[in-house]
Every structure is written in structure tokens, then in C-alpha cells.
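Q:
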Amino acid sequence: MTRMQGYQLGDFEDVDLSVALNAELDRALSGHLDKGPLQEDLTFAYWKPSRGASRYTGVLQRLVLPRDGERILQSNVAFTSDYLTRVLAERPADSGIALLHSHLGPGWQDMSDDDVVAERDRLGGVVASASALPVLGLTRGTDGTWSARFWFRSGRHRYERRWARTVRSVGRHLRISYHPQLCPPPPSLASQVATISVWGAAAQADLVRARVGITGLGSVGSIVAETLSRSGVEHLTFIDHDRLEDRNLDRTLGAYSADVSGALSKVTIAKRLVDSSHTSARFCALAVDERLQSDTGLAHALDCDVLVCDVDRPWPRHVLNAIAYSHLIPVIDGGILARVREDGHLLHVDWRIHTVGPEQACLYCLGALRRSDVALDREGLLDDPDYLKGLSQADRERYGRRNVFAFSLSVASHQVLKLVGLISGNERVGGIGPQTYHAYPGVMEVKSPEVCSPDCDIQPLTAFAHTNITG
Amino acid sequence: MTADEFQQHLASTGHSVESAHVGADQYIVIKDMTISAGSHAGKHCDVGILSSTANPWVPQPAVHVRPHLVEMGQAASQASALGPEWQYLSRRFDRPPTPKGFLAHILTVLGQI
Chain A
93 MTRMQGYQLG
103 DFEDVDLSVA
113 LNAELDRALS
123 GHLDKGPLQE
133 DLTFAYWKPS
143 RGASRYTGVL
153 QRLVLPRDGE
163 RILQSNVAFT
173 SDYLTRVLAE
183 RPADSGIALL
193 HSHLGPGWQD
203 MSDDDVVAER
213 DRLGGVVASA
223 SALPVLGLTR
233 GTDGTWSARF
243 WFRSGRHRYE
253 RRWARTVRSV
263 GRHLRISYHP
273 QLCPPPPSLA
283 SQVATISVWG
293 AAAQADLVRA
303 RVGITGLGSV
313 GSIVAETLSR
323 SGVEHLTFID
333 HDRLEDRNLD
343 RTLGAYSADV
353 SGALSKVTIA
363 KRLVDSSHTS
373 ARFCALAVDE
383 RLQSDTGLAH
393 ALDCDVLVCD
403 VDRPWPRHVL
413 NAIAYSHLIP
423 VIDGGILARV
433 REDGHLLHVD
443 WRIHTVGPEQ
453 ACLYCLGALR
463 RSDVALDREG
473 LLDDPDYLKG
483 LSQADRERYG
493 RRNVFAFSLS
503 VASHQVLKLV
513 GLISGNERVG
523 GIGPQTYHAY
533 PGVMEVKSPE
543 VCSPDCDIQP
553 LTAFAHTNIT
563 G
Chain B
56 MTADEFQQHL
66 ASTGHSVESA
76 HVGADQYIVI
86 KDMTISAGSH
96 AGKHCDVGIL
106 SSTANPWVPQ
116 PAVHVRPHLV
126 EMGQAASQAS
136 ALGPEWQYLS
146 RRFDRPPTPK
156 GFLAHILTVL
166 GQI
């Protein structure tokens, strides 16, 4: 299978294209490329391919800044052959080559004839034959908006441009630049007037065009799905392999007794729910009836701009944690812990909500996931009643998954607000850091934004676009 | 850490390593490890660790040992998937795994028996 492999145009037909970079790299690029109102600049960079089910993303990994004499600055800018030779020679294995340059205007940038000659004619063939990947070109506008395109081989000595639909800068804020034709702003709709009156039309336009994946369509996930569809989000992907059971009926939105007898999947129920409740003019919900850890489940997750984690099993949560850094797809995670005595007496309930990804602490460093639990889950021991019987009371509580609908409503609400804050950059909506709600006495504890510990093994995955996350 | 990096560390610290397969599962088998502390100090045993190609590798904290070091059922021990001559010691390991740190975990498990 050659789809999305190599650089031949035929292998990328009907593929959605995107570029992702972490915010730290974006700031470094801003510092290098912004030379004032009269001078453009450029740099090369290395990137890794991230292949989803229908999206191909160039994940920018590191810059190869020009040395003195390696580019010609004359209001516009050009790279020298020596610079290109060095970039080709230093290219890490499995990495592509990107050319990034600045323009002197705001917004999504088109290309000048000189830009086309540089990327298509000077780089197209030489980069593709050296790296076996297409040339990636990016342009930065004066307002920080990125535009991007890949150059695919369509014939002998012929390379054709395909525009990326989005460029995603990922840090504490997920800043998405949208191609104005491939992904135009949404029409103004009477059904979203109240929402827009709160966070504004610009934030709404950014939010509704983001591709949001929800993993786990049980109690919390089903509510998140409904909330996002009513808020106008246009593309939702649901990933879950579970079927509805009687025990789910007291806390799964949109689920009915007949669905249990019909053995309906949770993703089918969620899709049915949002297909009838959404407020978007161009809505698409995709139901992926697979485990996240499967090849298909993982590929669909890699199609998303942001993921909402509503699975409680440690292994898929580990996979999402790794995706957040390796593939630059931030994850909004939520969890509920209800402590109940063996005689059934409720002791305490907490729930917590946090965002993980570049510039934020990972699930391990937040204490929201334990490596031993991941290993047990992978080994299948969390499904072994004999093994569970031998665990301590505290461990059994952690795996107990006790929950009621009202807890889920609260977690889902805060997850959506975190998502809006992440995409709009508005901390007045999403808050400033990880949140933990203590049902008694009834307080929301807010931590300052945190980063990973120095010895964390997840943060170093950033922008490597690893393919073997699930093992 | 990847399983390869852990194996490289084992080799660089003088340990002899083999592979074992049980169905689709692959194990790293560290041959003839010396138990340096505890009730078995000075004895030797083989140690099995479930491997994976995942990156990052989340190593299974449980340690498989051959021969049995405790009476089965004691000290969180149980039957091992590697076979009857092996014993599974259920343990936790929640620190960021590094080759050095995970080897220290194995030595600690053996030393605490």
C-alpha cells in the first residue's frame, strides 16, 4: 500500500493536508523571520510525516537556520546553493525538508512567481530524490498566520502544488491557520447567535472549523459530543469499540433501552444524537467503531486537530498522552474518582480536567496516569477478576470506574470550556491550568500551568511523529 | 526509553541477554543475574521482562524469575506465562523509565525477596 507514502501525486489524491509545529518553534521562527516592514527572510527546517486515515501532516521538527552568506537579502530573499547543500547533507533519516519564508502582509499568503520557482523548480526534484518525501513550503504573514503547501511529483520533472488545509501551532494555545478556500469561515447562523455573543465571531470561526476527536463515547464523551455539535463544531470523530449495555443507560446521553437489545455501538448512538442536534451548516460526524489502540483507531485519531479523552482505561490514555506530544495533537483529559467504602458508603468524589501537549505537563507528570496501570492494562490483567481481587482497596477504587450522570455533566462541561480556551486562546473561558473539583466541600482547585519533570520520557517525543506508539 | 535501548544498556553493563517468545509476546531474558541483597543474596537467577516495539516503551513492572524464589502465592507471586519453571513477581514501577532506572528496579525486586 503506497497511499500517503513517498511523494507521487497519485498517492495523495483526496488526502487532507496539514502542517503542525510546536509553539516554541513558532516563536523562534517569528524571531528569525520578522525583519520589519521592508525585508522578508527564510530558513530551512526538517519535518516528519504523520499519517492519519485521511490526513497527511508535516510535523516540523527543528530549524536549520541560515549562516552568514547562506541567503541573499534584497527586500525579498533567496537561499544559496551552499545552504541547500548543507541542509541536504545534515538531514536526519526519515526527515523531510521544508522551506519557510516570510511575506510582508497579514493573513494566509499566496505565492509569488519567485516563490514557486524556488519551491517547485529549485527544490522539488532534489529534495524528493534525497528524502523520498515531498517538498514542504510555508509562508508566514505579518500577523503570524501560516500558509503551507506540499509539492508532489506528477510526471517526469514535474511537481504540482497541493495546499494544506490547515497549519497548526501547538502550545498552551492551539492556533490554527485555515486555508480561506479549502476551509472558509462558517456562515453566520441564527442558531449560534447566543454562543457568538459570548466569545465572539473570530473565536467561533476558529472553534467550529477545528477537527475534534472524542475517544470514549460513554457518560462524559456522549455529553461532550452533544455540547460540541450544538456549539457549531463542524467535524467530529468518535472513536470507541464498546457496545451499549444496560449498566450504561443511567449515564449515556442519547441512549435508550432499545439500543441495548439492538447491540448498538456507543459511536453509532453518539452519531445519531449529534446528526439531529447540530447547529452547523456543513456538519460531518464520523463513527469509528474501533479501539483507539488499533491501526484504524489510531489513524483516525491522527486526523484530528484536538482530542478529547473520555476513556478510563490506562492503555488508550497512554496512547493519547504520547500522541499529544509526538504528533502535536493536544488532548483534553478528564477523570472522575469516587471513593466508596466496601459497605457502600460514599466517602469522597473528585473530578479533574486538564490539557496535555507541548508546553503543558503530560498525564504522567500530572499524576493522572500511572505507568504500572498501563502495563497491567496492556497485559489484560485489568480484565482478570482474580487479579483484581488481589489488589489493594485503593487500587480497586481506581479501577472501579464508579460514576453518575451528574458528575459526567460537570466534567464534560469543563472539558468543552478547556477546548474553547485552547483554540480561542481565551483563558477567561478555559481557565489557566489543571482543575480539580472536590465535591466536598464543593471547591474547584486550580493549579498553575505545569510542565513535565526533567526526567519525563514523554516530553522528548515532541514532534517526532512516532508511528509505533501502540506497540 | 525503548526496549532496544534497555537491551543495549544491559549489554553495556555486562549482562547476557536472550529472547523468548510465548505466542505473540516477546520477552527479554537476562541470564544468570546475581541477587545482591535480601534472603537470596549471592544466588543467581534468570529474569524475564515482557518486551514491545512501542516508543515510548512502558515496561511491565512485573518480573519473571527462574527458578522460583518464593513459595508460589507468597510475596505477590503467581504462575508465569513463560512456563512452569518461571515465577511471576507482581510489582509496580511508576517512575519515568530509563535503562539505568529500570535495571535498578529489577535489582530492587530481587533484593527485597
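Listed in order, the protein sequences are those of chains A and B.
In case it helps, our numbering puts the first sequence at residues 93 to 563.
In case it helps, our numbering puts the second sequence at residues 56 to 168.
Where a beta carbon is used, it is the ideal one built from N, C-alpha and C, also for glycine.
So what's A/MET355 in DSSP terms, helix, strand or just coil?
A: For the sequence presented, residue 355 of chain A should be read as Ala rather than Met. In the structure shown, A/ALA355 sits in coil (DSSP, three-state: anything other than H, G, I, E or B).
Q: Is it right to say A/PHE497 is buried, meaning 16 or more other beta carbons lie within 10 angstroms of its own, or is it exposed?
A: Classification of A/PHE497: exposed, given that the 10 Å Cβ count is below 16.
Q: In or out: A/ASP175 buried (at least 16 other Cβ within 10 Å) or exposed?
A: Just to set this straight, residue 175 of chain A is Tyr in the shown sequence, not Asp. It is buried - the Cβ of A/TYR175 has at least 16 other Cβ atoms within 10 Å.
Q: Under a three-way DSSP split, which group does A/TYR99 fall into?
A: A/TYR99 falls in the coil class under three-state DSSP.
Q: Can you find a C-beta in chain B that's less than 8 Å from the C-beta of A/ALA317?
A: It does not: the Cβ of A/ALA317 has no partner Cβ on chain B nearer than 8 Å.
Q: Closer than 8 Å is the cut-off here; do at least three beta carbon pairs connect the region 118-134 of chain A with the region 194-205 of chain A?
A: Segments in contact, yes.
Q: Are the Cβ atoms of A/ARG343 and A/SER311 separated by less than 8 Å?
A: Yes, the Cβ-Cβ distance between A/ARG343 and A/SER311 is below 8 Å.
Q: Quick check: the region 241-248 of chain A against the region 95-105 of chain A, are there 3 or more CB pairs under 8 Å?
A: Enough Cβ pairs lie closer than 8 Å, so yes.
Q: Would you verify that the beta carbon of B/TRP87 is, or is not, closer than 8 Å to some beta carbon of chain A?
A: A small fix is needed here, since residue 87 of chain B is Asp in this sequence, not Trp. It does not; no Cβ of chain A falls within 8 Å.
Q: Using only alpha-carbon positions, find the residue among A/ALA293, A/TYR251 and A/ALA460 that is nearest to A/VAL208.
A: Selected option, being the one with the closest Cα: A/TYR251.
Q: What did DSSP end up calling A/GLN131 once you bin it into helix, strand or coil?
A: Note: A/GLN131 maps to coil in three-state DSSP.
Q: Go through its chain and collect everything with a Cβ distance to A/HIS419's Cβ below 7 Å, but skip five positions before and after it.
A: Closer than 7 Å at Cβ, skipping near neighbours: SER142, VAL151, LEU394 and ALA557.
Q: How long is the line joining the alpha carbons of A/ARG444 and A/LEU438, rounded to whole angstroms?
A: Distance between the alpha carbons of A/ARG444 and A/LEU438: 18 Å.
Q: Please list, in chain order, the residues of the region 101-127 of chain B that have any C-beta partner in chain A closer than 8 Å.
A: For the region 101-127 of chain B, which is checked against every Cβ of chain A, the residues closer than 8 Å are LEU105, SER107, THR108, ALA109, ASN110, PRO111, TRP112, VAL113, PRO114, GLN115, PRO116 and ALA117.
Q: Could you check the C-alpha separation between A/GLY449 and A/ASP425 for me, to the nearest Å?
A: One C-alpha to the other measures close to 11 Å.
Q: With respect to the alpha helix (DSSP H) encompassing A/ILE315, which residues constitute its N-terminal and C-terminal limits?
A: Where A/ILE315 is concerned, the enclosing alpha helix (DSSP H) stretches over 311-323.
Q: If you measure beta-carbon to beta-carbon, which residues of the region 453-468 of chain A are closer than 9 Å to chain B?
A: Going along the region 453-468 of chain A in chain order, one finds TYR456, CYS457, ARG462, ARG463, SER464, ASP465, VAL466, ALA467 and LEU468 with a Cβ nearer than 9 Å to chain B.
Q: What are the residues of the region 144-159 of chain B that lie near chain A, defined by any Cβ-Cβ distance shorter than 9 Å?
A: Those would be SER145, ARG146, ARG147, PHE148, ASP149, ARG150, PRO151, PRO152, THR153 and GLY156, in chain order.
Q: Within its chain, find whatever has a CB closer than 7 Å to the CB of A/THR287; leave out the 5 residues flanking it on each side and keep chain order.
A: Here the set comprises GLN296, SER323 and GLY324.
Q: Report, in whole angstroms, the separation of the C-beta atoms of A/ASP397 and A/ARG260, which I expect to be a contact under 8 Å.
A: That pair is a contact at about 6 Å.
Q: Determine the closest residue to A/SER502 out of A/GLY534, A/GLY472 and A/ASN413, with distance taken between C-alpha atoms.
A: The shortest C-alpha separation from A/SER502 is found at A/GLY534.
Q: Can you tell which of B/ILE85, B/ALA66 and B/GLN167 has its C-alpha closest to the C-alpha of B/ALA75?
A: Among B/ILE85, B/ALA66 and B/GLN167, the Cα nearest to that of B/ALA75 belongs to B/ILE85.
Q: Taking 7 Å as the limit between beta carbons, can you name the residues of its chain near A/LYS539, skipping five residues before and five after?
A: Result list for A/LYS539: GLY525 and PRO526, in chain order.
Q: Consider the Cβ of A/CYS548: report whether some Cβ of chain B lies at a distance smaller than 8 Å.
A: Yes, its Cβ sits closer than 8 Å to a Cβ of chain B.
Q: Mark A/PRO408 as exposed unless 16 or more other C-beta atoms lie within 10 angstroms of its C-beta, in which case mark it buried.
A: Buried.
Q: Residues in the region 387-409 of chain A with C-beta within 8 Å of chain B's C-beta atoms, listed in sequence order?
A: So nothing in the stretch comes that close.
Q: If you draw a straight line from the alpha carbon of A/LEU341 to that of A/ARG335, how long is it in whole angstroms?
A: Taking the straight line from one Cα to the other gives about 12 Å.
Q: Per DSSP, what are the beta-bridge partners of A/ALA339 in this structure?
A: According to the sequence displayed, residue 339 of chain A carries Arg and not Ala. Paired residues: none, contrary to the question.
Q: Provide the residue span of the alpha helix (DSSP H) that contains A/ILE421, from first to last.
A: Premise fails: A/ILE421 is in no alpha helix (DSSP H) and is neither H nor E.
Q: What in chain B is Cβ-close to A/ILE67, meaning under 9 Å?
A: It is not possible to answer for residue 67 of chain A, since the shown part of chain A is limited to 93 through 563.
Q: Check whether the region 138-152 of chain B and the region 109-126 of chain B touch, using three or more Cβ-Cβ pairs below 8 Å as the test.
A: Contact holds: three or more Cβ-Cβ distances are below 8 Å.
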